[in-house]
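So the structure is just underneath, and the comments pick up after that.
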Amino acid sequence: MNASVVARRTSLDLPVDLPLDRWRSLGTHIAVIAESSSWWLGDWLIYGQAHYPDRYKIALADTSLSYQTLRNYAWVAGRFGVARRRGRLSFQHHAEVAGLEERAQDHWLEQAERHGWSRNELRRHIRESLRAPESRPPVEAATRPGQSEKQAAIRFKITTERRIRWQKAAANQGQALAEWIVAVLDRCAPATVRPADGATADLPHHPVLAGRALEECGAARARCGPLEPAAPQP
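By the count of full-length UniProt numbering, the sequence shown reaches residue 234 at its end, each step adding exactly one.
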């Protein structure tokens with residue numbers, strides 16, 4: 001910053017005769033620092049994860065930020081390599097699509113950049129696409145010998161915290177969220193449901209029960225066995 005501008009932790013002292021062009025340049029500079037700081041903290045934490053086992057204890061002490069905030073910075077930064085980060089979009093734009101598979105991330109960020117969407121507009125467009133019938137992923141297949149395969153959509157509500165946790169688990173498996181849900185249920189259902197007379201057991205239809213069943217099944221993953229590896233992306 002200019003020598004006549006004094007930045008403190010809780011204030012910015014500006015000279016009374018600061019020219020307009022320098023005042024504008026200063027504002028742009030501050031905005032870049034504010035926006036970039038999320039990426040910087042995320043990369044800093046990732047480095048700490050690789051080099052220091054007590055990374056979050058150090059981070060909490062040094063930054064005074066909450067554990068959840070720091071963890072989110074590191075997670076988003078870890079989901080986007082430097083070459084895939086878009087300087088014209090905010091960190092929050094990237095956070096909005098961080099839980100999606102890579103091709104979907106790039107698609108939605110490209111749309112947001114092309115159309116000048118805000119973070120909230122990006123979120124709205126993604127939600128609208130998920131509500132479109134043609135974009136809903138099949139999550140159930142019921143077949144008996146001699147019957148043709150049928151597909152049905154199952155929808156249930158989950159908390160934001162649970163969605164983030166599931167998205168991270170799916171990302172760790174290299175899968176989209178819907179694919180991960182299907183893989184977990186398919187893997188765990190035989191170990192947790194004992195249908196009589198060889199009948200096919202149904203998953204809970206109530207939204208809360210379905211979400212709880214998936215959460216408990218994910219927690220019991222050790223008993224169910226490892227998830228099947230994701231199919232390679234074309």
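Glycine residues also receive a C-beta, built at the ideal position from the N, C-alpha and C atoms.
Problem - Alpha-carbon spacing of L177 relative to R124, whole angstroms - result: In the sequence shown, residue 177 corresponds to position 177, counting from 1. In the sequence shown, residue 124 corresponds to position 124, counting from 1. Taking the straight line joining both Cα atoms gives about 18 Å.
Exercise for the section: Please go through the same chain and pick out, in chain order, the residues whose beta-carbon is closer than 8 Å to the beta-carbon of S11, but skip the five residues on each side of it. Expected result: By 1-based counting over the sequence shown, the position of residue 11 is 11. Excluding sequence neighbours, S11 sits near nothing in its chain.
Practice task
Report yes or no: do three or more beta-carbon pairs, one from the stretch 52-62 and one from the stretch 96-107, lie closer than 8 Å?
Solution key: no
Practice task
Specify whether the stretch 63-76 and the stretch 41-50 touch according to this definition: at least 3 beta carbon pairs, one from each stretch, less than 8 Å apart.
Solution key: In short, these stretches touch, since the Cβ pair count reaches three.
Exercise for the section: Indicate, with yes or no, if the ligand COA has a heavy atom lying under 8 Å from the CB of R84. Expected result: In the structure on display, the ligand COA does not appear, and there are no ligands present to speak of.
Problem - Range covered by the beta strand (DSSP E) that runs through S11 - result: Here residue 11 corresponds to residue number 11 of the sequence shown, with the count starting at 1. Per DSSP, S11 belongs to the beta strand (DSSP E) from 11-13.
Practice task
Can you have a look at I181 and say buried or exposed, based on whether 16 or more other CB atoms are within 10 angstroms of its CB?
Solution key: Counting from one through the sequence shown, the residue named residue 181 turns up at place 181. It counts as buried.
Handout entry: V16 (DSSP reduced to helix, strand or coil)
Key = Your numbering for residue 16 matches position 16 in the sequence shown. If DSSP states are grouped into helix, strand and coil, V16 belongs with coil.
Practice task
Please name the residue, chosen from E121, G42, R162, L130, that lies closest to V82 on a Cα-to-Cα basis.
Solution key: Counting from 1 along the sequence shown, the entry for residue 82 is found at position 82. Measuring from the Cα of V82, the nearest candidate turns out to be G42.
Practice task
Kindly identify the DSSP beta-bridge partner or partners of R8.
Solution key: Numbered from its first residue, the sequence shown carries residue 8 at position 8. Assignment of beta-bridge partners to R8 by DSSP yields S11.
Problem - Residues near L89 by beta carbon distance below 7 Å, same chain, minus five either side - result: Here residue 89 refers to the residue found at position 89 of the sequence shown. Correct list, in chain order: L109, A112, E113.
Practice task
Please classify W180: does DSSP put it in a helix, a strand, or coil?
Solution key: Position 180 of the sequence shown holds residue 180. Helix at W180.
Practice task
Note down the Cα distance separating Q167 from S4, rounded to an integer number of angstroms.
Solution key: Residue numbering aside, residue 167 sits at position 167 when the sequence shown is read from its first letter. Residue numbering aside, residue 4 sits at position 4 when the sequence shown is read from its first letter. So the alpha carbons of these two residues sit roughly 47 Å apart.
Practice task
Pull up the distance between the alpha-carbon of Q92 and that of R119, whole angstroms please.
Solution key: Looking up residue 92 in the sequence shown gives position 92. Looking up residue 119 in the sequence shown gives position 119. Between Q92 and R119, the C-alpha separation is close to 6 Å.
Exercise for the section: Give the secondary structure of L65 by DSSP, where H, G and I count as helix, E and B as strand, and everything else as coil. Expected result: For the purposes of this step, residue 65 is identified with residue 65 of the sequence shown, where counting begins at 1. In this structure, L65 counts as coil in the three-state DSSP scheme.
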